[in-house]
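**Student:** Sharing a structure below in structure tokens format, with a few things to ask.
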Amino acid sequence: MAHTPQEEVANNKPSMERAEIANKVENLIQNRPSPEALEDRNILKDTTVAPALQETRYQLERSRLQDKLDRKLGPLRPSREKLEQSGILKDQSVSPSIVEQKEMLERQILSDKLGHVLENRPKAEELVEQNILKYTNAVDSNLQSTCAELELKQKKLGLNRKIQQRPTVEELVERNVL
């Protein structure tokens, strides 16, 4: 039974694939990183400690680093409550599934309060009458300061006229006012 070259290649295909895979694996094994390099990258844990103690050592190291961070950042780091109040951290007292609903409700309450305050605020005319808000004519913003200065001068002139017309102390005594 004579086999053609194509049939022989087809029959040897599994062994050729196996040889290629073996070559690839051999190449990977030769180029794999050393245990020290894996320890440096925190992939492998330190093998100088017994396996039963590795987890305890890891926890102690973490605790030590946390304490060191707390000592250095403690005075500078704001408390959890301050972060929650400023809106950086979300309130943890509510289930995460309803946090968004809670925030929407709080926004709606705030919006309602603001709406009520705006409805009840006094009109601009009332504030002008109470001298809280200055009356501004339909004057260009560039001329408003000049207009305010003129009004002040008019008030000063009016007050000076009234002071000049005011009776003296002697006149008030003669009239029996004083």
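Count the sequence shown with our numbering and you get residues 203 to 380, in order.
By construction, the Cβ of each residue, glycine as well, lies at the ideal position given by its N, Cα and C atoms.
Got a sec? Which residues, its chain only, sit under 6 Å from residue 303 by beta carbon, not counting five neighbours each side?
**Tutor:** none
**Student:** Starting from residue 314, follow the alpha helix (DSSP H) in both directions and report where the run begins and ends.
**Tutor:** Run containing residue 314: 301–322, per the alpha helix (DSSP H) assignment.
**Student:** Whole angstroms are fine: how far does the CA of residue 331 sit from the CA of residue 376?
**Tutor:** 39 Å
**Student:** Run through DSSP, which three-state label would residue 365 get?
**Tutor:** In this structure, residue 365 counts as helix in the three-state DSSP scheme.
**Student:** Mind checking which residues open and close the alpha helix (DSSP H) that includes residue 375?
**Tutor:** 371–376
**Student:** Report the residue from 268, 273, 305 and 274 whose alpha carbon sits nearest the alpha carbon of residue 286.
**Tutor:** Looking at the Cα atoms, 305 is the closest of the given residues.
**Student:** Along the alpha helix (DSSP H) that carries residue 287, what are the first and last residues, could you check?
**Tutor:** Where residue 287 is concerned, the enclosing alpha helix (DSSP H) stretches over 282–287.
**Student:** Where does residue 337 fall in DSSP's three states?
**Tutor:** coil
**Student:** Excluding the 5 residues flanking residue 229 on each side, which residues of the same chain have their C-beta closer than 7 Å to its C-beta?
**Tutor:** none
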